[in-house]
Amino acid sequence: MAKKKVGEEKKLPPLPNADRYSRIVTRFSPNPDCVLHLGSARAIILCHEYAKMYKGKFLLRFEDTDPRLKRTALEFYDKIRDDLEWLGCKPDEEYIQSDRILIYYEYARKLLQDGNAYICTCNRQEFRRRILAKQPCPCRGSPPETQLERWDKMLNGAYSEGEAVVRIKTDITHPNPAIRDWPALRIIDTDRYPHPRVGNKYRVWPLYNFACGIDDHLMEVTHIIRGKEHLTNQRRQEYMYKHFGWEYPEAIHYGRLKITGAFLSKSKIIQGIRDGTFKSWDDPRLATFLALRRRGITPEAIRQLIIDVGPKTVDVVLSWENLYAYNRKVLDPKADRYFFVESPVQLTVKNVPKIFHVKLYLHPEHPERGSREYRIEPKNKTREVQFWVSRTDYDKFKEEKLIRLMGLFNIEITEVNSYAVESHYHSEPYQEAKRLKAPLIHWIPINAGMPCEVVMPDASTKEGITEKLCKKLRLNAIIQFERFGFVRIDKVNGKLTVYYAHR
RNA sequence: GCUCCGGUAGUAUAGUCCGGUCAAGUAUGGCGGCCUCUCGAGCCGCAGACCCGGGUUCAAAUCCCGGCCGGAGCACCA
7 MAKKKVGEEK KLPPLPNADR YSRIVTRFSP NPDCVLHLGS ARAIILCHEY
57 AKMYKGKFLL RFEDTDPRLK RTALEFYDKI RDDLEWLGCK PDEEYIQSDR
107 ILIYYEYARK LLQDGNAYIC TCNRQEFRRR ILAKQPCPCR GSPPETQLER
157 WDKMLNGAYS EGEAVVRIKT DITHPNPAIR DWPALRIIDT DRYPHPRVGN
207 KYRVWPLYNF ACGIDDHLME VTHIIRGKEH LTNQRRQEYM YKHFGWEYPE
257 AIHYGRLKIT GAFLSKSKII QGIRDGTFKS WDDPRLATFL ALRRRGITPE
307 AIRQLIIDVG PKTVDVVLSW ENLYAYNRKV LDPKADRYFF VESPVQLTVK
357 NVPKIFHVKL YLHPEHPERG SREYRIEPKN KTREVQFWVS RTDYDKFKEE
407 KLIRLMGLFN IEITEVNSYA VESHYHSEPY QEAKRLKAPL IHWIPINAGM
457 PCEVVMPDAS TKEGITEKLC KKLRLNAIIQ FERFGFVRID KVNGKLTVYY
507 AHR
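Right under this line is the structure:
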């Protein structure tokens, strides 16, 4: 078997019963109550990837049918669209459930008419008690005429919140009580809780299983790919499909995806934003796509990761290191290299014999990408030159007498104190440094630096100096600071602000 | 508690349906070396796993039963 090389991709297993459908249709159906995060990546990428693989359709459907409990907000519709586009998963079609309320009414009426659903006006506790005892509630047996009468009352406001609910008839003796006569539509006082898109236009709203079940059929979804928390929802919906004489689509229920140390629950993210723990949706501590993007995690890396993880039902607990490995594969060949000196200290080199013209390549394996040059000219009688070097290299200054300034020349350390390092010129050839096993460090000429702030994944910052010419870097470019790590350019003014991705 | 689902190295995954070719493949991480003017990349090597117990069978990671562990659901949320 051929060895797996970079760029060679693992393939997804085939979709079950794909040949039974003339056109594969998948869908991603978020509730627009939060931005998307890595936890949604499995649904999105699997759906999109399978649609692409079978030359089918990938749908985006906003499931915004709860104006009351969920914090559905206008801003999230667009943020979700942006996230999908960034991920490279642009939907072929888009639907919004709050635009489809009348369609749901139509199907509800039909169910009521056919005696496959009923309107329950029982007290919630009372109903629960009965259903747990496998007993039908009194409303269940009423004739369709009564049901339709009640339906009209629901629609025209004769009932208020909580007083009536449409239930789908299932098997009231089903071993799983959750499946017995589940609720399909309820009343919401939209004068008090207006919907962000349609305000108080409707007061009867479908629940998840009803709206989703109807839509999957109407939109001809062939393969539902969603988290395994929906397994019992499939069981519930199957009863409704049977009432309508529809065939239930294929369903794949994958396990949850978690990353050690990341909050992947919407509620935690939203709570953190509210209480100010996180400054914004793209706070580097978050695993939202917005945050990952800001940190320089590429969509290709996420995509490959999800494909490798596959559609299994087991929960997956990844480490950040794992994601980084995928990202590094994407970034390494593309990222230009620059120097960044963390916690700068001044280095003086004396006895520099001549003027040096150094050429530093932007990428060691791709010289054709270009280079930058520095003219190193000794000053004064002492023939000295000054550089910024990093305090993180202090241990080297103390332990090794001989150090090589990458691409330049070798120096011998003569004095180290807390604010400066003194040295003198030793030799030029790299071979010499190699022979004497001198450590390599990076440097910036004292007048060629500009301040730079690195925002770390834990939101802390590291201050330092980078090369002045980084000012010309494009926003959002991802570069590598040699011996430091990959970073994304976030802001450029007098100071460069970058976000740290990983080593 | 009830109803489902699942358990392969640190992590993730292949193999499980249709028992043998699996003394278990791959990636990542770890370790060692080589290479490279980065602590990045690349190359080579090393260590590392079938949850446990029974059963069926000539043969079980794969089939059956029991146990243990983990997960999901049990909303007028999605």
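In this note's numbering, the protein residues as written are 7 to 509.
For glycine and all other residues, C-beta sits at the position ideal for the given N, C-alpha and C.
Count the other CB atoms, across all protein chains shown, that sit within 10 Å of the CB of residue i; report buried if there are 16 or more and exposed otherwise.
i	result
Q486	buried
S429	buried
D70	buried
D401	exposed
I361	exposed
A184	exposed
Y245	buried
Q277	exposed
R198	exposed
P149	exposed
G147	exposed
E332	It should be noted that the sequence gives Tyr, not Glu, for residue 332. Result: buried.
G302	buried
S325	exposed
P97	buried
K385	exposed
G219	buried
S46	buried
K248	exposed
V323	exposed
K175	buried
Y110	buried
Can you name, in chain order, every residue of its own chain whose Cβ lies under 6 Å from the Cβ of residue i, other than the five neighbours on each side?
i	result
R410	N416, A439, A444 and L446
E100	L66
L353	F393, V395 and V427
G376	L368
P22	E256
I495	L479, L481, A483 and V504
G62	R29, I30 and V31
Y27	T228
Which residues share a DSSP beta bridge with residue i?
i	result
W394	Q352 and I450
K219	Position check: residue 219 holds Gly in this sequence, whereas Lys was assumed. According to DSSP, which records beta bridges pairwise, G219 is partnered with nothing at all.
K486	It should be pointed out that residue 486 corresponds to Gln in this sequence rather than to Lys. R343 and F492.
E459	E469 and T503
K365	E379
S28	BP columns for S28 are empty, so no partner.
R33	L65
G205	H201
E421	E428
V498	L502
C126	V171
H54	Per DSSP, none; premise fails for H54.
V520	In the structure as shown, the chain begins at 7 and stops at 509. Residue 520 is therefore absent and cannot be evaluated.
L191	V172 and P212
R232	H259
CB-CB under 7 Å to residue i, same chain, minus the five flanking residues each way: which ones, in chain order?
i	result
I194	P73, R74, E167, R209 and W211
R509	G491
E418	K407, L408, S429, H430 and H432
P373	Y367
K85	V41
Note down, in chain order, each residue of its chain lying with its Cβ closer than 8 Å to the Cβ of residue i, except the 5 sequence neighbours on either side.
i	result
E169	T127 and I193
G455	V347, P350, W394, I471, T472, E473 and K474
W92	F295, R299 and P305
K477	M456, V498 and L502
C458	F346, E469, G470, I471, T472, C476, K501, L502, T503 and V504
L18	L52, E55, Y56, M59, I313, G316 and P317
I82	Here residue 82 turns out to be Phe, not Ile, going by the sequence shown. Closer than 8 Å at the Cβ level, and outside the excluded window around F82, lie P38, D39, C40 and V41.
L292	H43, A268, F269, I275, G278 and F284
R378	K365, L366, L368, E473 and L475
V461	P290, T467, D496, T503, V504, Y505 and Y506
Confirm the yes/no value for this check: CB of residue i, any heavy atom of the ligand HEM, distance under 7 Å.
i	result
L213	This structure lacks the ligand HEM; in fact it carries no ligand of any kind.
Would the region 111-127 count as touching the region 150-161 if we require 3 or more Cβ pairs under 8 Å? yes
Any 3 or more C-beta pairs closer than 8 Å across the region 196-203 and the region 253-271: no
Is the region 313-323 touching the region 38-55 in the sense that three or more CB pairs, one from each, lie closer than 8 Å? yes
Check whether the region 214-221 and the region 234-250 are in contact - that is, three or more C-beta pairs closer than 8 Å. yes
The region 28-35 in contact with the region 222-229 per 3-pair CB rule at 8 Å: yes
Just list the beta strand (DSSP E) runs in the region 368-416, keeping only unbroken ones of 3 residues or longer that don't cross its boundaries, in chain order. 377-382, 391-396 and 408-411
Completely contained beta strand (DSSP E) runs for the region 80-120, where each covers 3 or more residues: 99-102
Enumerated in chain order, which unbroken segments of the beta strand (DSSP E) with a length of 3 residues or greater are wholly contained in the region 234-317? 256-260 and 263-265
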